[in-house]
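Residue numbers (my numbering): 1 to 1195.
All C-beta atoms, glycine included, are put in the ideal place defined by N, C-alpha and C.
All values reported here derive from a predicted model rather than from experimental measurement.
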Amino acid sequence: MKRKIIELEEGWSYIVTKLNEIIEAEPEPKCNSVQYSDIYKTIYNMCTQKPPHDYSQQIYDGYFQVIVDYTKQTVYKEMQSKAKDAVLAYIRRGREGEEIDYEVLKNVLNFYVEYGMGTMEKYEEDIESFIIQDTTSYYSCKALSWIQEDSCPQYMLKAEECLNREDRVTHCLHSSTVPKLVKIVRNELLVVVAKQLIENEHSGCLALLRDAKKDDLSRMFRLFRLIPQALESIVDLSKKHVTAEASFLIKQAEDAATNQEQEVRLQVLIRIVIKLHNKYMECFQNRFQFHKALQEVFEIFCNKKVAGSSSNAELLATFCDNLLKKGGSEKMSDEAIEAKLENIVKFLVYISDKDLFSEFYRKKQARRLLFDRSANDEHERSVLTKLKEQFGGQFTSKMEGMVTDMTMARESQNNFKEYIATNMTANTGIDFTVTVLTTGFWPSYKTCDLKLPSEMAKCVEVFKAFYETKTKHRRLQWIYSLGTCHIIGKFDQKPIELIVSTYQAAVLLLFNNTERLSYNEMLEQLNLSHEDLVRLLHSLSCAKYKILIKEPMSKSISRTDVFEYNSMFTDRMRRIKIPLASMDERKKVVEDVDKDRRYAIDASLVRIMKSRKVLGHQQLVSECVEHLSRMFKPDIKMIKKRIEDLISRDYLERDYENPSILNTEMPSNTEGSWHDMLPQPGICHVYHEMQSEAKEAVLKLIHGGREGEQIDYELLKNVLDVYVEIGMGNMEKYEEDFEVFMLQDTTSYYSHKASSWIQDDSCPEYMLKAEKCLKKERERATHYLHSSTETKLVKIVQNELLVVFAKELLENEHSGFLALLRDNKMDDLSRIYRLYHSIPQGLELVADLFNKHVTAEGTILIKQAEDAATTQSANTCGVEEQLLRLQVLIGIVLELRDKYMVYVTECFQNRFLFHKALQVAFEIFCNKKVAGSSSNAELLATFCDNLLKKGGSDNLSDEAIEAWLENVVEFLVYISDKDLFAEFYRKKQARRLLFDRCSNEGHERSILTKLKEQFGREFTFKMEGMVTDMTLARESQNSFEEYLATNMTANPGIDLTVTVLTTRLLHSLSCAKYKILIKEPMSSSISKTDVFELNSKFTDRMPRIKIPLPPMDERKKVVEDVDRDRRYAIDASLVRIMKSRKVLGHQQLVSECVEHNSRMFKPDINMIKKRIEDLISRDYLERDSENPNILKYLA
């Protein structure tokens, strides 16, 4: 018989009428079984009718809309006021320290947001405004009470506790409320009482500083750091206190060290400054404002000059020299020296005249290096590294150049010795050492055209001949003032070895050919100045060692004196050193620094005006001071003087109408000092004539430098600066006439080198050379190229050496990346990372190879382990065999993870790319499903169950179980279907809890804690709820037993257990092994027409039997539940994304949804697309009318 069609209007009218009656609780009596069956039948028929009469979706949507409308129009109006009061009371209870369920609070507040259907109006008006009012009132009252009763530390402790508690509340609120609420709490607890609290005489900031209450000071900083006025007050008080404390400590130290040397006082000052710096910056988390305050205080003390003593900049350089030279720190360990050097660099930050320190340090460093007085090369390099980190590469470039020069000079000397050994005609019979230096790095030394004695002249000629075999592009300039000679004096009593300077040796060697020489004869033969010769002769005839006899005998040298060799001279020592009278180097250093400062001020003024074009005189002075104060404190008068000088040289001019305004509009026939000599056409003519030759010469020099020749960086820099200056403010000339050719030459040079090395060298050897080249090129750019060139230069070198041959290099079968991993070559792997990490996409190939290696090794290990496990488990059943394999897999994956995480952290600097490569590799192993076996997610849940249930882990200690649980959680990270694991785990956990099968509650809670830490509270929310439920259930059972014990009338005298059963119960009692009931008719299935009676004749040989229920296929149910939850999760994710983005492309929405859900499971793309279509059909989303690939959110 054909079923009657129920139309939508007819059926819906009937259903909705009943629904409204049920909601309003109108029917009396309530809906009976016949009515209920009738409604159910109507709905069923309307949902199963053939199209177009299938109204299932319309009924679903209609029911939903009825509930929504009723909630809005009736329920919300009725409950809103009560809910608001309950929420406020609940929050206040939490503030008072009661334990509250923040999840419940969050759900209630989320209702207000959802009720707004995309707008925040209802939430803000109906709940947020009241929460903010209540919060203001609550904390205003608290602050008023605490400020009267508590000390500053006690108040801050309470305030911090309140803020932390509010942090928990804010997790429940909508994100838009959080800043408002936090601002209110901070205002009431901190801003309003800040001044009163911080300036409290007995327990405020000064008292805490005085008593060194570090914890309280740190807390004060944490609380007030976001309140500008309060922080400023703390800074001012700290500055005041540090000034007083430093003054007291320094006065105390000076009183104790009245008679001590300047250097000792300096060490005391360093100790005090570093101690105070560390003490206070620890409390204030290195905040800039406190750095600045301390800097202002310490600069006063550190730059205070004691009458009659050297400046602290000079003393600091001398202190460094004493630490670094031989014999200066023999009793100190390397660690102690390093600590002192560290403190010196920290102290130098507060020295105004850093350029003065730099020059003194460089002078002393030069003497240590040239005269082999350095105690330790590592310490020399260490202090330069520290200075460079603190003050930049420009500060140390010359110092580093000197160290590099000495290394090159030693190599050159070794080559010279080999040259002498292979050229016997070049051997002069004199042990001759030459140190070749780069002029630009070293301090300037006095030079003169000394006429060397023939013995020395021959040595010089030999070295010149050797040097010309190495390079013809450099000119040697001899500095004899730094030389040392060992000569044998043949005296009547005994020969004595004399250690003298080159100048002294030249004087003494004159007496090899004659007995007597007059002053004027020596002056002519040596070609020395009068001052120099007087100093030399005084040291040889008037000092301690009288090697020469002077006539007439006196303590001064005159032009009429005559000198002869003192053959009668003797000394008890076989070797003596004859010193020269020392010159006042300090005066020269100060003069050099003053000259450099003038240049620096000029450069700064020109640079500022070049960028600003027009500027007031006073503002220019201020900006110049600020610009230079990092290196020295410029004198205002000197700046003004330099401005006038620049005006006179036509760099600047005064404005005609307002003379206090300066501009850079210069006449067309001038540009800078070197341009003053020629008119503009002349400059252009000279430039065009010379630039081609200059370019070739510069490229030749750079090429020579790359090949290991020593070149004068200062000379190159000066030449290249001409290209920049000729551009008159732009870089066009520099780029077109030099840079483009230099970059082409660089490309050609390194292309050739790379082609050669890739054939000859292994990967590590190649990388070592490439790293060295890149370092040299960066140094080259720092020393003489314009700063704009460095990036281009490095990019070309990286491309030619690393990018072009990346695949061939890294995939080298015998020495490439995989071989280095195999052989555990940590240094080489670190070098590969350093070289490729700054190249765009440079690390992708490295990460792919890393993934490939881990995957290959893991595959081999797992295969070996599975083969062994197959043999081992020959006598085990299927599930046990699967669990055994899972244990092996966990062990291998975590062992591999630990092994390769060492590489990720130590070689690859924790780069995300390599973490991801490991994750991808392990996810392949951990999610691979063996045919016929359960998924690893299910097996992992079963493995946990075996560990946690009674009898499952009797042979394991608590520590061993904890270790396995830790491993399970770490392994779960790599499982894609974490939601599937969670559902299986929960099912098995439920059985353990309900049937009292847990072996240890501590382990149950432990694994939940580990899972919660790794995957978040949402992952373990229901599992924790089950554990809590069982605790409450036991309490309830105890209460029930007490109730029965105290109410005898309530005790039925029966031990009663109630179980709610399904139809499976009747099947187990009448159709299974134990037939307790007799069923009519007799059959193996149960129907609604069956009749049952008790089987009084039933018997069994056992006095107690357990009647099991027929097993259900739980796995199928779990999978169905998870699939359903995934659909809900995908729906929620799609709506959440579209709610925030409003408009989005279909493909991008799918991608974002995959990313959003991949932390818990790997979403199926087809399912996502299907859910999108479903949301479109339900009017959550719609397609754009012009472009169907664009989706829009419908609020």
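Measuring C-alpha to C-alpha distances from Lys77 to each of Asp1164, Glu342, Glu938, Asp126 identifies Asp126 as the nearest. For Glu78, the enclosing alpha helix (DSSP H) covers residues 76-95. Apart from the 5 residues on each side of it in sequence, Leu157 sits with its Cβ closer than 8 Å to the Cβ of Arg219 in its chain, given in chain order. Leu452 and Leu526 have their C-alpha atoms spaced approximately 7 Å apart. For Arg186, the CB contacts under 8 Å within the same chain, skipping 5 residues up- and downstream, are Leu163, Leu226, Ile227 in chain order. Remark: three or more beta-carbon pairs, one from each stretch, lie closer than 8 Å, so the stretch 361-369 and the stretch 319-332 are flagged as touching. Annotation: Asn427 is outside any beta strand (DSSP E) and is labelled neither H nor E by DSSP. Shortest Cα-Cα distance from Cys152 to any of Glu1042, Glu389, Val193, Lys183 involves Val193. Counting the other CB atoms within 10 Å of its CB gives Phe912 a total below 16, which places it among the exposed residues.
For Val185, there is no enclosing beta strand (DSSP E); the enclosing alpha helix (DSSP H) has its first and last residue at 178-186.
Under the three-state reduction of DSSP output, Glu128 falls in the helix class. Here Val593 is buried: its Cβ has 16 or more other Cβ atoms, across all protein chains shown, within 10 Å. The shortest C-alpha to C-alpha distance from His752 to any of Val794, Val722, Glu714, Phe805 is the one to Phe805. Bounds of the beta strand (DSSP E) holding Thr484 are 484-490. With respect to Ile351, Cys302 sits close: the two C-beta atoms are nearer than 8 Å.
In the three-state DSSP reduction, Arg1183 falls in the strand class (E or B).
By DSSP's assignment, Val434 forms no beta bridge with any residue. Judged by their CB atoms, Ser935 and Asp977 are nearer to each other than the 8 Å cut-off. In the three-state DSSP reduction, Asn663 falls in the strand class (E or B). Taking the CA atoms as reference points, Thr435 sits about 13 Å from Phe466. Excluding five sequence positions before and after Leu972, the CB atoms of its chain that fall closer than 7 Å to its own CB belong to Leu940, Lys978, Phe981, given in chain order.
A straight-line Cα-Cα distance of about 7 Å links Ser529 and Leu523. Here DSSP, grouped into helix, strand and coil, assigns Val614 to strand. Per the DSSP secondary-structure output, Lys325 pairs in a beta bridge with Ser374. Taking the Cβ atoms as the reference, Lys717 lies roughly 4 Å from Tyr784, within the contact range of under 8 Å. When secondary structure is reduced to three states using DSSP, Leu226 falls in the coil class, being assigned neither helix nor strand.
Of the residues assessed, Gly483 falls on the buried side of the cut-off, its CB having 16 or more other CB atoms within 10 angstroms.
Around the beta carbon of Gly11, a 10 Å sphere encloses 16 or more other beta carbons of the protein chains shown; the residue is thus reported as buried.
For Phe563, DSSP records a beta bridge to Leu517, Lys550. According to the DSSP assignment, Gly1025 belongs to the alpha helix (DSSP H) that extends over 1017-1046. For Ser501, the enclosing beta strand (DSSP E) stretches over residues 495-501. Shown here, Cys302 sits in a helix according to DSSP, grouped into three states.
Counting every other CB atom within 10 Å of its CB across the protein chains shown gives Glu128 a total of 16 or more, marking it as buried. Inclusion of Ser539 and Lys550 in the CB contact set at 8 Å is not warranted, their separation being larger than that value.
In the same chain as Arg559, and ignoring 5 residues on each side of it, the C-beta atoms closer than 7 Å to its own belong to Tyr519, Asn520, in chain order.
Taking C-alpha positions only, Val797 is separated from Ala937 by approximately 50 Å.
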